[in-house]
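Undergrad: Taking the numbering used here, the leading residue of the sequence shown gets 510, the next gets one more, and so forth.
Cβ coordinates follow ideal geometry from the N, Cα and C atoms, glycine included.
Handing you a structure now.
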Amino acid sequence: MKLSVIVVSYNVKGYLGLCLDSALVAMDRLGEGQSELIVFDNASSDGSAEWVSLNYPQVQVMESEENLGFSAGNNAAIRASKGEWVLLLNPDTVVPEDTFVEVLARAESDGRIGAIGVPMYDGAGQWLPESKRGMPTPWASFCRLSGLWRLAPKSPALNRYYAGHVAPDETAEVEVLSGAFMWMRRKALDQVGLLDESFFMYGEDIDLSIRILNGGWVNQYFSGAPIVHFKGESTKKGSLSYVRIFHGAMRIFSEKHFAGGQALAMRWMIRVGIQLRAIAAFVQGRVRRHALQVLDALMAMVMGVGGVRLHAVWSGLEHPWGATWLVAGLASLASVLAGHWFGMRDRPFVPLRTLVGGAASGVVFVLLYALLPESLRVSRLSVGVVAVFMGLMPWGLRMLLVSLRPSRFRWRSGRPQVGVLCQDHRKEDIRKWVQSAYGSVLDLNDLKGGASSWSRSAVLEVALCDAGLGGTAVLNAIMQSKNVGLDMRVIPEKMWVALGGNRRESAPDALMSWGADGLGRVERRRAKRRVDVAWSLWILVVGPGRGLHGQEMKRRVAWHVLLGRRTWVGFHEGWEGSDRLPKLSDAVFSVGTGHRMEEESEAKRLDLRYAFDFGWMREVELLMTLRTD
């Protein structure tokens, strides 16, 4: 047997299906009986192991009762495998049909090759620099962790960690390969040993690559077989837990491969580099998340100061600077409150929400100003001018952003279309699913001009690629969507979910099977939050009522809901599959009657209806009934 493909999985059922479908097709190209596929499930809680056994009888499934980690899981599967070559493959990858044939030919062409890696592209079509790497010396690790390598990505000095001297489209020998796709000669593994199980996650591929090199073998980066790697879906890169685990892995590596001063320098470099990276990630995340809100607030403040001072110049009246800054602060506060309440900062920008949010910010500003004592007030005319400009400012600001940065900012045109690339026999099913979940369908196969015509469809912002078209089609679709600024998602053959996505502002649930009016959509969750806030304020002012549910509607509970710690109405849960429902805060009452249903089928029916078809009026009616009963 030529090849053993090993996939270690943990709670990524959707992506695992994509991976297995593409890998099995690529294995068929090697010939019958020439390959095997082993899935090692690391105690997943999403039913992955049972699902694979049911849907992929040709796949060997190994289950663990506890999460052993990446290294131990791979080692167990390697010991059970039989192939001359062993491929470690991440579950969030898609391989084109000829990948295994091409890599095998390359591997067998040179007897010195111990391991091979390939170019990897993420769901946004971006080439991943970790496709090839160098020895993580103290300096290389510091440059990587601190981000210095970005200043000169082709420099062998600043970017040794990512082997910057080797171009992405160049085939060359490198020091370190990625464990997401690591093709290894069994003879080399028999000589140097398997993965070091002291690495729970991260670092084990670096350690094994170095040991293969030290064993006299060659690690090669082969540019002729690119794959898709939905980076971060299986391990949630960028999270605090990721930073901690990565730090621990690098510490283990330094203690194992460096001694004396080098080991001390390595630990110091890693510690400083991680701190710098954590600070940079924190600042970048906050800026990216709140930049538009801060910009709106600053513009409103400028409007406040400018309106009052212009009136002072025009009328000859002198307004105290203290009152001027107070007006500016109220304008800024009104902009933040109204913008958040009406979804003015949702992206893509929605024209109606922008107009309504702008008008509401002006009204809120006037109401807040009316609460001021007479001694702190300025001219009513200047206040009116500020309110008018606040109503117009959000629209003008967004028009400017769209014109200056069209790649990051855009308008949403009504109910958008969803482009679809799929097999003929799935067209009707996908069309029905998309229409129920998102919008109308545009068949991209029928557009003349290919991918270049996608960007000319003004209302096209999301596209779906049927994984059944094959790994090559998926890779090409993702690469083409990057060139035209389109958000490309992938639909597995055996599951109705849309995976991937290349727009940073696109939430993971931007296209889900919860319906156009379901709680998977941010605007519906916002409507639910409005009900929570309004009802909590009502309870705080009026009281809980005299019904049987007075205890549940106490003012203390209302405060918890107002602060977002709880929600008034939520799911029953507890039935199989309920873990895939949209995530809500802990509920005070269960949907339907307010009481938790003992019968699982009825609880499931009520939960699914609530998830698919949320109505804020029905929620208010339920709360009013519970308050009076």
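#1: Cα-Cα, which of Leu885, Glu883 and Val859 is closest to Phe918?
#2: By a C-beta neighbour count over all protein chains shown, 10 Å radius and 16 as the cutoff for buried, is Trp1077 buried or exposed?
#3: Using C-beta distances below 8 Å, list every residue in its chain close to Ala1016, excluding the 5 sequence neighbours before and after it, in chain order.
#4: Where do the ends of the beta strand (DSSP E) carrying Ala1096 lie?
#5: Is the region 984-991 touching the region 632-640, taking contact as three or more C-beta pairs under 8 Å?
#6: How about Val999 and Val983: are their beta carbons less than 8 Å apart?
#7: Tell me the DSSP bridge mates of Arg798?
#8: Is Phe851 buried or exposed, if buried means 16 or more other CB atoms sit within 10 Å of its CB?
#9: Please state the DSSP three-state secondary structure of Val603.
#10: Count the other C-beta atoms from every protein chain shown that fall within 10 angstroms of the C-beta of Tyr519, then say buried if there are 16 or more, exposed otherwise.
#11: At what residues does the alpha helix (DSSP H) containing Glu1109 begin and finish?
#12: Tell me whether Glu545 is buried or exposed, calling it buried when 16 or more other Cβ atoms sit within 10 Å of its Cβ.
#13: Can you tell me whether DSSP reads Tyr878 as helix, strand or coil?
#14: Considering only their Cβ atoms, is the gap separating Leu704 from Ser580 smaller than 8 Å?
#15: Helix, strand or coil: which one does DSSP assign to Cys528?
#16: Going by the beta-carbon positions, is the gap between Asp607 and Arg538 smaller than 8 Å?
#17: Taking Ser640 as the reference, which of Leu613, Ala676 and Gly1079 has the closest Cα?
#18: Between Gly866, Phe1080 and Val534, which lies nearest to Ala843 when the distance is taken from Cα to Cα?
#19: Let's test the definition: count the other Cβ atoms within 10 Å of the Cβ of Asp550 and tell me whether it reaches 16, buried, or not, exposed.
#20: Please state whether DSSP places Met691 in a helix, a strand or coil.
#21: With distances taken Cα to Cα, identify the nearest neighbour of Leu864 among Gly905, Ala616, Arg889 and Ala666.
#22: If you draw a straight line from the C-alpha of Gly831 to the C-alpha of Ser888, how long is it?
#23: Quick check on DSSP: helix, strand or coil for Cys931?
#24: Using a Cβ-Cβ cutoff of less than 6 Å, which residues in the same chain neighbour Ala457 once the five nearest sequence positions on both sides are dropped?
#25: With C-beta atoms as the reference, is Tyr670 less than 8 Å away from Arg659?
#26: Taking the Cβ atom as the reference point for each residue, do Asp601 and Ala976 lie within a distance shorter than 8 Å?
#27: Can you give me the Cβ contacts of Lys1003 inside the same chain, cut-off strictly under 6 Å, excluding the 5 residues immediately before and after it?
#28: What residues match up with Asp975 in a beta bridge as DSSP calls it?
#29: Looking at the unbroken beta strand (DSSP E) that takes in Val561, where does it start and where does it end?
TA: Quick answer:
#1: Val859
#2: buried
#3: Annotation note: pLDDT 38 at Ala1016 (below 50); position unreliable, coordinate value reported separately. Within the same chain, Ala1016 has close Cβ partners Val1031.
#4: Asp1095 to Ser1099
#5: yes
#6: yes
#7: BP columns for Arg798 are empty, so no partner.
#8: buried
#9: strand
#10: buried
#11: Glu1109 to Phe1121
#12: buried
#13: helix
#14: yes
#15: helix
#16: yes
#17: Ala676
#18: Gly866
#19: buried
#20: strand
#21: Gly905
#22: 14 Å
#23: coil
#24: Summary: the structure shown does not reach residue 457, with the chain confined to residues 510 through 1138, and so no result is reported for it.
#25: no
#26: no
#27: Gly526 and Asn564
#28: Ile1000
#29: Val561 -> not in any beta strand (DSSP E); alpha helix (DSSP H) instead, spanning Ser557 to Asn564.
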